[in-house]
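Undergrad: Below you will find the structure I want to go over with you.
Structure below.
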């Protein structure tokens with residue numbers, strides 16, 4: 240399972256022991272579909288995969304639940320809009 244870590248660098252550096260994450264599910268949607276954030280990552284077989292960060296799947300995870308980083312989000316504008324919509 241892949242997750243998108245939403246906790247910021249300051250929170251992570253504070254060592255609270257938990258992070259806010261959004262589960263990434265495999266799939267694709269039309270470009271005008273705005274309620275998810277498209278992400279790409281490299282899976283265990285080394286294949287670049289497209290997935291969707293779905294806001295309904297946000298949760299707190301312990302830091303110990305996370306494995307190695309597989310990539311970074313390049314389009315942060317869409318991600319910021321997604322996260323802002325959750326807290327309005």
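In this note's numbering, the protein residues as written are 240 to 327. All C-beta atoms, glycine included, are put in the ideal place defined by N, C-alpha and C. None of these values were measured; they are calculated from a predicted model.
#1: Cutting at 8 Å between CB atoms, please list the residues of its own chain near residue 266, excluding the five before and the five after it.
#2: Mind checking residue 251: buried by the 16 CB within 10 Å criterion, or exposed?
#3: When the Cα atoms are used, what is the spatial distance from residue 261 to residue 283?
#4: Helix, strand or coil for residue 265 per DSSP?
#5: Within this structure, are the beta carbons of residue 241 and residue 293 separated by less than 9 Å?
TA: Reading it off the structure:
#1: 289, 290, 291
#2: exposed
#3: 19 Å
#4: strand
#5: no
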